[in-house]
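S.K.: I am attaching a structure below and will ask some questions about it afterwards.
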Amino acid sequence: QFKFENILFEKREGGVGYVQLNRPKALNALCDGLFTELIQILKEMDNDPEVGCIILTGSEKAFAAGADIKEMKDQTFPHTYTSNMLGWWDEITRIRKPIVGGVNGYALGGGCELAMICDILIAGSNAKFGQPEITLGTIPGMGGSQRLTRVIGKSRAMEMVLTGEFMDANEAVQRGLVSRVVEPKLLNDELMRVSRKIASMSKPITMMCKEVVNEAYETGLKDGLKYERRIFHSTFATNDRKEGMTAFAEKRKPNWTDS
Ligand code: CAA
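Following the UniProt record's numbering from start to finish, the sequence shown increments by one per residue and tops out at 280.
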């Protein structure tokens, strides 16, 4: 029986899968054990027909303070290269249901990078984002140099990566890194509100929405538009597309069957 030591999770009402990083003594530093547990539960929720949306959050003090520096400190190049160290975090990008990330406190290094893998980010007003790897003599290794730059632009991303300085929640919302900022104590309510709404939609259509928006980050405009059009056409192969439009015409609420 798998024992979870670093995360808490539960299925909540309304089809929401709730996952909380829970390694308080290390401010949720992302050790290998935490990753193994996290990917297992995310995959389970991805495959659970009752779950329509996943919340990923941390504590009020920290979403995650980065990769585990103590675990990394004696690593050698041959080991990091042959084991493709940190490469396994890419598995989270293969979760197909939406992940709503909630950041209170520190989201640093790998913590900031994990937050940016989430599909929607909502921050508490105490959130602090940063890529301080340079202060440890290394560089971002889980996508920070790429995802941060795409979202906030070259100059500010370069400044953060080169100085290691943190960005506060207000700036993060102004620059589009997060959707909105709420009182830290209200973060969980807001995560639930958004996630329950998403989970009330048709699951296959929800997954298609996530897939096409993410395509915008991975391809050029011409190919992205073509990709979107094809997935749009494929919604016409679902019952939920017919139900959604019929319900509109009949002035009633749709009854999704996830088919
Ligand atoms: N790895 C391992 N342990 C960590 C950690 C990390 N990333 N961040 C914090 N901790 C541990 C601390 O060592 C401390 O442990 P002890 O009680 O055993 O000493 C405990 O968590 C509490 O931390 P602090 O006492 O430092 O708490 P603070 O409130 O004074 O400071 C902080 C908070 C500013 C976040 C500070 O902990 C800090 O700077 N952490 C490291 C941040 C960082 O550099 N992250 C990048 C990691 S590298 C990376 O992520 C590479 C990549 O791209 C994937």
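Ideal placement from N, C-alpha and C gives every residue a C-beta, glycine not left out.
Rounding to the nearest angstrom, what Cα-Cα distance links Ala268 and Gly132 in this structure?
M.R.: The alpha-carbon atoms of Ala268 and Gly132 are separated by roughly 42 Å.
S.K.: Who are the Cβ neighbours of Glu58 in its own chain at under 8 Å, not counting the five residues just before and after it?
M.R.: Here the set comprises Phe23, Phe25, Glu26, Asn27 and Ile28.
S.K.: Given Glu112, which residues of its chain have a CB within under 6 Å of its CB, disregarding the five upstream and five downstream residues?
M.R.: Correct list, in chain order: Ile60.
S.K.: In terms of alpha-carbon separation, which member of Leu129, Lys243, Glu232 and Arg115 lies closest to Ala148?
M.R.: Of the listed residues, the one whose Cα sits closest to Ala148 is Leu129.
S.K.: Report the option in Glu71, Leu42 and Glu92 whose CA atom is closest to the CA atom of Lys82.
M.R.: For the residues Glu71, Leu42 and Glu92, the minimum Cα distance to Lys82 belongs to Leu42.
S.K.: Closer than 6 Å to a non-hydrogen atom of ligand 1 - does that hold for the CB of Lys149?
M.R.: No, since every heavy atom of ligand 1 falls outside the 6 Å radius drawn around the Cβ of Lys149.
S.K.: If you count every other CB in all the chains shown that lies within 10 Å of the CB of Val234, and 16 or more means buried, which is it?
M.R.: Burial call: exposed.
S.K.: Kindly examine ligand 1 and report whether one of its heavy atoms sits closer than 6 Å to the Cβ of Ile90.
M.R.: Result yes, Cβ under 6 Å from ligand 1.
S.K.: Which of helix, strand or coil does DSSP assign to Lys175?
M.R.: Helix, per DSSP.
S.K.: On the DSSP bridge assignment, give the partners of Thr101 in chain order.
M.R.: Looking at the DSSP assignment, Thr101 forms no beta bridge with any residue, so it has no partner.
S.K.: Rounded to the nearest angstrom, what separates Glu186 and Gln152 at their Cα positions?
M.R.: Answer to the nearest angstrom: the Cα atoms are 7 Å apart.
S.K.: Identify which residue in Ala47, Leu212 and Asn276 has its Cα closest to the Cα of Ile120.
M.R.: Nearest option by C-alpha distance: Leu212.
S.K.: Quick check: does the Cβ of Gly130 come within less than 6 Å of any heavy atom belonging to ligand 1?
M.R.: Within the cutoff, so yes.
S.K.: Out of Ser80, Phe253, Met137 and Trp109, which has the shortest C-alpha to C-alpha gap to Ala193?
M.R.: For the residues Ser80, Phe253, Met137 and Trp109, the minimum Cα distance to Ala193 belongs to Met137.
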